[in-house]
Structures are given as C-alpha cells and as structure tokens.
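Below is one structure, written out as structure tokens; comments come after it.
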Amino acid sequence: MDKVEKKKLELLAAKIRLDVIELLKHRGYGHLGGSMSIVELMAVLYGKVLHVDPANPQMEDRDMVVLSKGHSGPAWYSALAERGFFPKEWLMTLNDGGTKLPSHPDRSKTPGVDMTTGSLGQGTSSAAGIALGQRLKGQNRFTYMIVGDGELNEGQCWEAFQFVAARKLSNCIVIIDDNKRQLDGYTKDVLYPFDYVKKMEAFGFYTQKVKGDDIEAIAEAIEKAQANKESANCIVLDSIKGQGVKYFEELKSNHSVKFNNDEINKAADDAMAELKEFIAKEEA
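So the mapping is simple: the numbering used here equals the position in the sequence shown, first residue as 1, plus 736.
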C-alpha cells in the first residue's frame, strides 16, 4: 500500500469514527464500543476492497458483507454513507420512527445492507449460504462475514464455520472482531474463548491475526485471504472495544453507551473536535 492510499483510508476511518460518535451522541445512546472497534476494517472494505456499486446496490455480481454482530450497525451505516449508498443526512435518523437506519441492520430498509442481522450467531449461517450461492452461480466474488468475539458464545457460529470449512468456501472470509469485551463484561470472564487462531485452524481455516487499527495489515490480510483458494479463510482482528478514543476504550460499560452526563459528553465532544481537526488538515 502506498502512502497516498494509506492516507486516503486513514481519512475515511476518521470520518467513520466521527460519524459514529456524532450520530450516537445525537441519539443519546447506542452501541458505541463494538462500532468503534471495526472502524478501520470498514474503511478498508469500503475504501479499497469491495466490488460494489452504490448506484445499483442490488447488482447481481457483487461482493457481500454480512455484519453478524449487527449491534455495530452505526459503523456500517457510516461506511455506506461515505461510499455514497445514501445521503449522510440519514445518519442522524438512526432508530427514529420510520427511519431507513434501524438500530440493527435490515436489508429491506437500507441500501447496501445485504443481510438483516441482530440476533447473534444467525448472520454466520446466512453468510455461509450466501458464499455457497456465489460459488454455485460461478461468481468470482467474496462474502465478508464479520463476527463479534462475544457472539462466538453462540453455538450456531461454530456450526456455520464447520460448514464453510467442510465445503472449502474460500470466498467466505470470516473476520472475528476480537475486542475482548461483550455485554456482560470481559470475554475471558464470561466464557473463556481460548485461542481463536488455533480454533479456526483446527476447523481447517487459513487464519491470520492482525491489529484491529492497522489499516495496512488489515488490507494485506484480506489480499492474502482472497489469494488463498485451497481452504476457508479467517482473519482475527486484535482490536479494542471503543477503539480510537482513549476515554471510550477505558469506559467500563462501553458496549452500549448513554450520553447522559457531563464527563461522557465532554469526552465525545473532545474526540469529535480532534477528528474534525484531523479531517480538515488532511483535506486541506
């Protein structure tokens, strides 16, 4: 990746992170932590990787994204808006009555959303089926299955992984957001996850692990996964819940955040000011 492309993707990540904070603060609450931990991933996917057409969201021959951890929808919505699937003004309607942007993704409402998700675990099976469909149709396209680490408490995930691996669906790229936390606390305390890399390798996946905020490493890992046609593919993102803003990374209850006190609102305002300054400087 050259410096120009890296700067472009860093700028996009900053815009997505700003959008997430801004729209959730406007809403007054929302799933901040898990949205922030996939910002860089979304920047790489929508700024570099995906074969999609915002003018024709239902284009038959396209890459597909299934955000199985559907509560992180705000990051997806921002990436879609930044890519031009719908006006950015829609972002501030998150979860309003009649909105096209519900709290969890709905393929019948939002342009660019390929699968309705929110009930944890179910998106994994959907993504497996979509990837199989792409193969049966002879399409040279990919399905990106984005899964939360807390979500992996659901047995359905492992059934889907077994199916993907057994069918050697190399076009299904599983991306695990290992941000170490879930609704009830730290994943190691709720249900010890052991080693995701070893587990996925045992299932038959070609598995890579990269830092969740390293744009170059994420892009390189996706390129390697795309090139591997011999087995199913998995990328483990070593991320941080609330990633990119120190206050939100350290906030104890950062799965769903309520902007209901001066300290949280100040942290959000300070973060937005820094991001706006960075964006203005990069676009100057």
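Glycine included, every Cβ here is placed at the ideal spot set by N, Cα and C.
All values derive from a computational prediction rather than experimental measurement.
So residue 968 is in the alpha helix (DSSP H); what residue range does that whole segment cover? For the purposes of this step, residue 968 is identified with residue 232 of the sequence shown, where counting begins at 1. Run containing residue 968: none in the alpha helix (DSSP H); it sits in the beta strand (DSSP E), 968 to 974.
Starting from residue 803, trace the alpha helix (DSSP H) in both directions and tell me its first and last residue. Your numbering for residue 803 matches position 67 in the sequence shown. Judged by DSSP secondary structure, residue 803 falls outside any alpha helix (DSSP H) and instead within the beta strand (DSSP E) spanning 800 to 803.
Under the assumption that residue 816 contacts residue 973 (Cβ atoms under 8 Å), give the Cβ distance between them as a whole number of angstroms. Position 80 of the sequence shown, counting from 1, holds the residue named residue 816. Position 237 of the sequence shown, counting from 1, holds the residue named residue 973. Here residue 816 is actually not in contact with residue 973; their C-beta atoms are around 20 Å apart, not less than 8 Å.
Alpha carbons only, please: which of 750, 745, 761 and 744 is nearest the one belonging to residue 1002? Position 266 of the sequence shown, counted from the first residue, corresponds to residue 1002. Comparing Cα-Cα distances from residue 1002 to each of 750, 745, 761 and 744, the minimum goes to 761.
Residue 940 and residue 968 look like a contact to me (Cβ under 8 Å); what is the Cβ gap, rounded to whole Å? Position 204 of the sequence shown, counted from the first residue, corresponds to residue 940. Position 232 of the sequence shown, counted from the first residue, corresponds to residue 968. Rounded to whole angstroms, the Cβ separation of residue 940 and residue 968 is 6 Å, and the two are in contact under 8 Å.
Looking only at DSSP bridge pairs, what is residue 994 linked to? The residue you call residue 994 lines up with position 258 of the sequence shown. Within the DSSP secondary-structure output, residue 994 pairs in a beta bridge with 765.
Jot down the residue ranges of each uninterrupted alpha helix (DSSP H) in the segment 873 to 942, minimum 4 residues, whole runs only, in chain order. Entirely contained in the segment 873 to 942, the alpha helix (DSSP H) runs reaching 4 residues are, in chain order, 891 to 902, 923 to 926 and 932 to 939.
For the candidate residues 924, 766, 906 and 748, whose alpha-carbon lies nearest to that of residue 991? The sequence position of residue 991 within the sequence shown is 255, counting from 1. Comparing Cα positions, the closest option is 766.
Okay, do the segment 894 to 912 and the segment 923 to 930 touch, 3+ Cβ pairs below 8 Å being the bar? Cβ pair count under 8 Å is below three, so no.
Could you tell me which uninterrupted beta strand (DSSP E) segments, each at least 3 residues in length, are contained entirely in the segment 770 to 843, listed from first to last along the chain? 800 to 803, all fully within the segment 770 to 843.
Need the endpoints of the alpha helix (DSSP H) that residue 957 sits in, please. Mapped onto the sequence shown, residue 957 falls at position 221. Per DSSP, the unbroken alpha helix (DSSP H) holding residue 957 starts and ends at 951 to 963.
Leaving out five residues on either side along the sequence, give the residues of the same chain with a beta carbon under 8 Å from the beta carbon of residue 971. Along the sequence shown, read from residue 1 onward, the residue named residue 971 stands at position 235. 909, 910, 911, 912, 943, 944, 945, 946, 954, 957, 958 and 961, listed in sequence order.
Using 8 Å as the threshold, is the segment 843 to 863 in touch with the segment 742 to 758, meaning 3 or more CB pairs across them? Because the criterion of three Cβ pairs below 8 Å is not met, the segment 843 to 863 and the segment 742 to 758 do not touch.
Residue 858 - DSSP class collapsed to helix/strand/coil: The count along the sequence shown starts at 1 and reaches residue 858 at position 122. In the three-state reduction of the DSSP assignment, residue 858 falls in the helix class, which pools H, G and I.
Output needed for residue 1015: all residues of its chain with C-beta closer than 8 Å, excluding positions within five of it in sequence on either side, in chain order. The sequence position of residue 1015 within the sequence shown is 279, counting from 1. Exclusion of the five residues before and after residue 1015 leaves 747, 750, 751 and 754 as the residues of its chain whose Cβ lies within less than 8 Å of its Cβ.
Note the first and the last residue of the continuous alpha helix (DSSP H) segment covering residue 982. For the purposes of this step, residue 982 is taken as residue 246 along the sequence shown, with counting starting at 1. Per DSSP, residue 982 belongs to the alpha helix (DSSP H) from 982 to 986.
Short of 8 Å in beta carbon distance, which residues of its chain neighbour residue 850, apart from the five on each side in sequence? Order them along the chain. The count along the sequence shown starts at 1 and reaches residue 850 at position 114. The residues 800, 801, 802, 843 and 866, in chain order, have a CB closer than 8 Å to that of residue 850 in the same chain once the five nearest residues on each side in sequence are set aside.
Going by alpha carbons, who is nearest to residue 873 out of 796, 821 and 827? Start at 1 with the first residue of the sequence shown, and residue 873 comes out as number 137. Out of 796, 821 and 827, 796 has the C-alpha closest to the C-alpha of residue 873.
How should residue 838 be labelled, buried or exposed, when 16 other C-beta atoms within 10 angstroms of its C-beta is the threshold for buried? Within the sequence shown, numbered from 1, the residue matching residue 838 stands at position 102. Buried, because 16 or more other Cβ atoms sit within 10 Å of the Cβ of residue 838.
Distance between residue 903 and residue 772 (C-alpha atoms, nearest Å): For the purposes of this step, residue 772 is identified with residue 36 of the sequence shown, where counting begins at 1. For the purposes of this step, residue 903 is identified with residue 167 of the sequence shown, where counting begins at 1. Approximately 33 Å, taken between the alpha carbons.
Can you say whether residue 996 is buried or exposed, counting buried as having 16 or more other CB atoms within 10 angstroms of its CB? The residue labelled residue 996 in the question sits at position 260 within the sequence shown. Residue 996 is exposed by the Cβ-count criterion.
Please report the Cβ distance between residue 827 and residue 808, rounded to the nearest whole angstrom; I am assuming they are in contact, meaning their Cβ atoms lie under 8 Å. Translated into positions along the sequence shown, residue 827 becomes position 91. Translated into positions along the sequence shown, residue 808 becomes position 72. Rounded, the Cβ-Cβ distance is 14 Å, inconsistent with contact.
Own chain partners of residue 879 with C-beta closer than 6 Å, once the 5 adjacent residues on each side are dropped: Taking the sequence shown and counting its residues from 1, the one referred to as residue 879 is at position 143. The residues 800, 863, 866, 867 and 908, in chain order, have a CB closer than 6 Å to that of residue 879 in the same chain once the five nearest residues on each side in sequence are set aside.
Examine the ligand ATP and report whether any of its heavy atoms sits within less than 7 Å of the Cβ of residue 817. Among the components modelled here there is no ligand, and therefore nothing to report on the ligand ATP.
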